[in-house]
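Colleague: Here's a structure for you.
Residue numbers (my numbering): 212 to 343.
So this is what it looks like as structure tokens:
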């Protein structure tokens with residue numbers, strides 16, 4: 212199970228198989244300005260309907276991103292977005308991954324100081340951190 216970026220070393224024999232859940236994460240930069248995009252999907256060569264827990268996972272991901280995107284406004288606390296992501300995950304019966312963050316992106320800086328956590332274990336979701 213790999214959640215973050217994965218760049219296999221020479222000799223790695225990992226293969227993607229039918230039914231695997233895969234995230235493709237791409238990034239580019241031009242003159243220091245960066246753009247990142249990711250998409251999660253189920254390997255499905257037969258184009259069969261995705262059902263069960265995998266379908267719940269994909270829908271939870273989509274819904275959490277949409278909710279977070281719609282909340283992302285000046286003055287909204289990042290912890291409010293984290294809370295909504297967690298509520299969406301619980302509603303779909305899935306769990307967020309601890310210690311994974313969405314970072315502010317600045318020119319020549321991919322991991323800025325302002326972050327939104329997917330899940331913060333054992334830390335109350337309070338604070339004054341606000342989106343800017």
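Cβ atoms here follow ideal geometry from the backbone N, Cα and C, with glycine treated the same way.
Any chance you could list the alpha helix (DSSP H) runs of at least 4 consecutive residues sitting entirely within the region 256-336, in chain order?
Modeller: Runs of alpha helix (DSSP H) with 4 or more residues, each lying fully within the region 256-336, are found at 263-282 and 289-302, listed in chain order.
Colleague: Would you mind reading off the limits of the beta strand (DSSP E) that contains residue 233?
Modeller: Counting from 1 along the chain shown, the entry for residue 233 is found at position 22. Its beta strand (DSSP E) spans residues 232-241.
Colleague: What is the rounded straight-line gap between the Cα of residue 281 and the Cα of residue 221?
Modeller: For the purposes of this step, residue 281 is taken as residue 70 along the chain shown, with counting starting at 1. For the purposes of this step, residue 221 is taken as residue 10 along the chain shown, with counting starting at 1. Roughly 41 Å separates the two Cα atoms.
Colleague: To the nearest angstrom, how far is it from the Cα of residue 289 to the Cα of residue 328?
Modeller: The residue labelled residue 289 in the question sits at position 78 within the chain shown. The residue labelled residue 328 in the question sits at position 117 within the chain shown. Near 8 Å, if we compare the C-alpha coordinates of residue 328 and residue 289.
Colleague: Is the region 230-248 touching the region 312-323, taking contact as three or more C-beta pairs under 8 Å?
Modeller: Because the criterion of three Cβ pairs below 8 Å is met, the region 230-248 and the region 312-323 touch.
Colleague: Kindly indicate which residue of 236, 278 and 302 has the alpha-carbon position closest to the one of residue 246.
Modeller: In the chain shown, the residue the question calls residue 246 occupies position 35. Of 236, 278 and 302, the residue nearest in Cα terms is 236.
Colleague: Measuring only the C-alpha atoms, how far is residue 338 from residue 293?
Modeller: Counted from its first residue, the chain shown places residue 338 at position 127. Counted from its first residue, the chain shown places residue 293 at position 82. Caution is warranted here: a pLDDT of 48 is assigned to residue 338, below 50, making its placement in the model unreliable, and the coordinate value is therefore given only provisionally. Taking the straight line joining both Cα atoms gives about 12 Å.
Colleague: In angstroms, rounded to a whole number, what distance separates the CA positions of residue 253 and residue 234?
Modeller: Residue 253 sits at position 42 when you count from the first residue of the chain shown. Residue 234 sits at position 23 when you count from the first residue of the chain shown. Their backbone Cα atoms lie some 9 Å apart in a straight line.
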